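Worksheet for the structure shown next.
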Amino acid sequence: MADVTDDARQAAYPAAWEADVVLQDGTTTHVRPLRPSDADALQAFHVGQSERSTYLRFFAPLERLSDRDLTRLVTVDHDARVALVAVAAGIDGTEQIIGVARYDRIEDDEAEVAFNIADAHQGRGLGSVLLEHLAAAARERGVRRFVAEVLPQNGRMISVFKDAGYAVRQRTEDGIVAVGFDIDPTDRSLAVMADREHRAEARSVRAFLEARSVIVVGPGPAAAGSPRARAASTALANLRAGDPAVVLHAVGVEGPGAGVHLYDALDLVPGPVELAVVAVDPAEAAGVVRALARLDVRAVVLLSAGYAELGPEGLDRQRALLRVAHAAGMRVVGPASYGVLVASGDGWLNASLAETPPTIGRVGLFCQSAPMAVSLLAAVRRRGLGLAEFVSSGHRADVSGNDVMQFWADDDGTDVVGLYLESIGNPRKFSRVARRLSLSKPVVVVTSGRSGQVVPPGHAVRPTHASPRALDEVLRQAEVIRVDNTHQLLDVVEVFAHQPVPAGRRVAILASSASVAALVAEAAAAAGLVVPGAVTILPAGATAAAVGAQVDALYDDPDCDVVLVVLIPTIGLPDPELVRVVARAAARTGRTTVACVHGLHGITAELTADDEQGRPRTVPAYSAPEDAALALGRAARYAVRRRRDRGRTLHLEGTDTQAARRLVADWLATSAEGVIALDAEQTAAVLATVGVAVLPSFEVHDADEAVEVARRIGWPVALKTTVPALRHRADLGGVRLDIDDEAGLRSDVAHVLSLAESQRADPARAPLEVQAMGPRGSACVIRTAEDPLFGPIVSFGLAGDASDLLGDVSYGVPPLTDVDVAELVRSPRAAPRLFGYRGLPALDVAALEDVVARVAVLCDDLPELRSLELNPVVVAESGVVVLGARASIAPADRADGTRRLQRV
């Protein structure tokens, strides 16, 4: 072994760079910084490479690395010399290096890169993953450009650079291809990364949802009768009762039954096996997963609990289990999962605890905890709703709703998706993935809490300090349909599963009485539907022909987009023929229809008819008219929003966030404090990098200094106290405006200083500020905050009591589009003041949106920006002026990498 010691480490080991990632083939691996102790593993990796791979990397044949070369390669400082390795589990369970990526800084912002991928693992996307993570690490260290020298025959490496979406420039000199490219993210590189992430995660989920061989591992005879033993036996029995084409194996399970290959130990099971269902003691789980690696298992459904919900020791046990699984290329569904159900041609792949599966359909459902899965599946069966897939992720240690949504985006067998979320581990990624999915399929979401700040035991989620309304904004930007409970979740899902997407919000009402019709119209309006007056009352005792004519006339009305039917006779049940007439009219016209019919609930044969293409269409039946109206209203709102312009990514002239990062990096490097409050000059410098100017203000101690400043900047001026309690409070006398002469200024100085005497002053500041007068207009406040869970959050409100006391503030979670910015500015209830309210002049909202957009770009690209406040921002009839700004910075701690599995 080469003589390499820990003295080679010249900087703290960057543990935040470690990541479990999903590869192109859907398997997983672990990426981490290289350590000096990796010398033997790196030598073994080098020796295992083919002669051609070694030649392409080192430009010369090199059977072994010399001790000197090996020492040089593993000596890194995680700054100017950085190396990342991808590791996998070897046959004996030890780590093996399967890929290396490194850079060496050659200029302040430029570094030379080199990559080497194990021959046996080429074609799995390792090169692109390592490039993404190396570029992220380099940007964190201030590197902005990569260069490389590549042999012409190494076309695969050149393709990795180009396929990553970077603008690659290359030239050939003396038989060597010199390659260079900037590594700051572009629209194309971000799109490439998101697309790769989507394909990789979708494949990883597809691998276990389409499994044709399953092994169930129980705790063995020593734990007979225990909850884990019963769970394993139940899962195996459900698998046996499902698709007979699935090959079943079992170890440690009581009474496996016919058709199951039973083994005494895992090392006796012949591979390959695609899916494992495990219910064992938590202390044994990592060993079981390690043994499953030999069988090429792609995923483990972990039914048993006993992990993060038990505290730090359990969380460590959970992390150890994930390290073993990911190093072996496996995904983990659980712990405490209820299992997965997948409809197939011959029945169900029922790797779950659900003894009675629902009917087969085209709905995808996802939930987390097992108890919620029980009630959710029971409600699905009662309604007769058909499922295509059901996934319970339990405590969501690995596979999450994001992963399953990636699969559903490509799944032709699913028309609508329903999610019950007890926690969201990565809201930014959730918004991005759900927004992509909602373009093609409705996504209906219920969260266990309105704020998203209640985290169930066992869910490892970063803390959040954001307003509860931040989650509302994440879900709105994701274009999902948010509902309040599981009852509403299934109500809305029924509409999309069995009816066409609504054409609009105009509703026609068909009712059995005028009193019912009036109540239904009120409920429809409350649900966001437009009731233009198309109400049809079916008279009692009318002939079938007359009823048919009325129904056809209602459905043929061109001013009708959707139909709400309420048939509640006072005696007996509705006429079956009338019900059939409604079903046929809905199928014939394609008008989205929901119904409240006495005696019917859910998906029924009575309300089913074939459309013109011969496909069965069912009008979903609800127990109450309000339920039907709400479901139809949410469906119509989704249809309208899906057709609207979602906007374009913000690209603003005069922005240079690289310059902002350089400034912040210098300030952080010279300070030992965790959070640094920037002074006015520093804050103005950061804002200037994105084209936002702050009107200068000058601190003064007395009237003489105030007069001197006023003469220098010109009259009229504004005088402000720096006392926190009175700052920005003109109503309390803390701000004096339009002072146009010396006498007035001296008088105002005396009054303001007298007023401030009873308040606690800021000892670090002079008591007063003098500033040139800005234009007249409405004062607004723009704030940003870096949240541990949500990342950057932008808020906007009009200054004053409306925002301070009443919380009249809107929120946005970057990255924002121009449409998002426009909605952010228009969302506060006081926003009409910007648009000519009650005879006031309309203000320059476009200029205000430009400032908001620049702030959003800054906080999105600068995770070190802990907080920023622009207050006040005065919007005039022409232009915007920022009169005050405060900011703080801290080392970045944002977790939002692509293809990075959740790590807490």
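Each residue of the sequence shown is one higher than the one before, starting from 889 at the first, in the working numbering.
Glycine included, every Cβ here is placed at the ideal spot set by N, Cα and C.
If you're wondering where the values come from, they're calculated on a predicted model, not measured in any experiment.
Let's test the definition: count the other Cβ atoms within 10 Å of the Cβ of residue i and tell me whether it reaches 16, buried, or not, exposed.
i     : result
R1648 : exposed
S925  : exposed
G1695 : exposed
R1271 : buried
S1092 : buried
P1464 : exposed
G1542 : exposed
F1723 : exposed
P1716 : buried
N1004 : buried
E1367 : buried
V1707 : exposed
R1284 : buried
D1152 : exposed
H1086 : buried
S1328 : exposed
G1252 : buried
I994  : exposed
P1504 : exposed
P1702 : buried
G1043 : exposed
S1646 : exposed
A1662 : Per the sequence presented here, residue 1662 reads as Gly, with Ala not at that position. Buried: at least 16 other Cβ atoms inside 10 Å.
A1460 : Reading the sequence as shown, one finds Gly at residue 1460 and not Ala. G1460 should be labelled exposed.
A1181 : buried
E939  : exposed
Taking Cβ to Cβ, would you say residue i is nearer than 7 Å to residue j?
i     : j     : result
E983  : V970  : no
L1154 : A1179 : yes
G914  : A1187 : no
L1520 : V1467 : no
L911  : R1012 : yes
A1099 : G1106 : no
L1712 : S1698 : yes
G978  : G1130 : no
L1019 : V973  : no
D1816 : T1537 : As shown, the chain starts at 889 and ends at 1792. That puts residue 1816 outside it, with no answer to give.
Report the rounded CA-to-CA distance for residue i versus residue j, giving the unit in angstroms.
i     : j     : result
Q898  : D965  : With a pLDDT of only 47 at Q898, under the threshold of 50, the placement of this residue in the model should not be trusted; the figure read from the coordinates follows. Their backbone Cα atoms lie some 5 Å apart in a straight line.
A1025 : R920  : 11 Å
I1670 : T1458 : 57 Å
V1623 : H1639 : 11 Å
G1389 : A1409 : Per the sequence shown, the amino acid found at residue 1389 is Val instead of Gly. Whole-angstrom Cα-Cα distance: 21 Å.
V1435 : V1453 : 13 Å
G1249 : S1077 : 38 Å
E1796 : A1146 : There is simply no residue 1796 to check, as the chain begins at 889 and stops at 1792 in what is shown.
L1804 : T1352 : The displayed coordinates of the chain run from 889 to 1792. Any statement about residue 1804 would go beyond what the structure contains.
F1384 : F1254 : 16 Å
A1066 : S1047 : 14 Å
V1469 : H1489 : 18 Å
A1036 : P1158 : 45 Å
G1217 : G1068 : 33 Å
R1084 : F1295 : 13 Å
P1651 : L1575 : 26 Å
Quick test of your reading: residue i and residue j, contact by CB under 8 Å. State the CB separation rounded to the nearest angstrom.
i     : j     : result
T1571 : A1775 : 4 Å
R1394 : D1447 : 6 Å
A1422 : A1396 : 4 Å
L1518 : A1415 : 5 Å
G1700 : E1361 : 6 Å
L1643 : A1598 : Not a contact, Cβ separation roughly 20 Å.
D1072 : V1031 : Wrong, their Cβ atoms sit about 10 Å apart, outside the cutoff.
V1139 : I1103 : 7 Å
Establish whether the CB of residue i and some CB of chain D are separated by less than 7 Å.
i    : result
A971 : In the structure shown, chain D does not exist; there is a single protein chain.
Kindly confirm or deny that the segment 1310 to 1330 and the segment 1280 to 1291 touch, where touching means at least three C-beta pairs closer than 8 Å. Contact holds: three or more Cβ-Cβ distances are below 8 Å.
At least 3 beta-carbon pairs within less than 8 Å: the segment 1229 to 1246 vs the segment 1264 to 1278: Yes, the segment 1229 to 1246 touches the segment 1264 to 1278.
Are at least three pairs of beta-carbons, each pair with one atom in the segment 1727 to 1743 and one in the segment 1571 to 1588, less than 8 Å apart? Touching, per the Cβ criterion.
Inspect the CB distances between the segment 931 to 948 and the segment 1110 to 1128 and report whether three or more fall short of 8 Å. Output reads no: the segment 1110 to 1128 does not touch the segment 931 to 948.
Three-pair Cβ contact test at 8 Å for the segment 1221 to 1228 versus the segment 1193 to 1202: The segment 1221 to 1228 is in contact with the segment 1193 to 1202.
contact_flag[the segment 1498 to 1515, the segment 1527 to 1544] where n(CB pairs < 8 Å) is 3 or more: No, because fewer than three Cβ pairs between the segment 1498 to 1515 and the segment 1527 to 1544 fall closer than 8 Å, the two stretches do not touch.
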